[in-house]
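Going by numbering that gives the first Met the number 0, the sequence shown opens with residue 0, and the numbers climb by one from there.
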Amino acid sequence: MRILLAAAAALLALAAPGVAQADDDEARDRARCAGGTAELRVRADDGRLEVELRVDASRRAGTVRVVLLHERALVHRGTGRAGRYRLRRTVPDWPGRETLTARVSTARRGTCTLVVTV
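Here you go:
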């Protein structure tokens, strides 16, 4: 029974879209994405959240499409050439917990989702 539970836990860990990490100043999520890697970082600063999205995609991935949401409200929608894509935005820091979601997609390499709750 223990072996079965350990195997199920390992499969769930592998199926997770990214690894969310947090410390006092910053929360982040990383994932293998678009033939490369993607990372969403959020820092709290004086009533605002500083959001940074980095996508290092394979050049063969073609065009990278990015959607960034703050509490399900659209913050950014854009496209860029594959390779290195960087996005920086500042959003208001509302009372309570907030969720920021980034969706990165390419025509050739699929889609990944990064989620950070602060």
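Glycine included, each C-beta is placed from N, C-alpha and C at the ideal position.
By DSSP's assignment, Arg87 forms a beta bridge with Glu51.
By the C-beta density criterion, Thr105 is buried, having at least 16 other C-beta atoms within 10 angstroms. According to DSSP, residue pairing for Glu38 in a beta bridge involves Arg29, Arg53.
Between Cys32 and Val103, the CB-CB gap stays under 8 Å. Between Leu68 and Leu99, the C-beta gap is smaller than 8 Å, which places the two residues in contact. In terms of Cα proximity to Glu49, the closest of Arg80, Gly109, Ala26 is Ala26.
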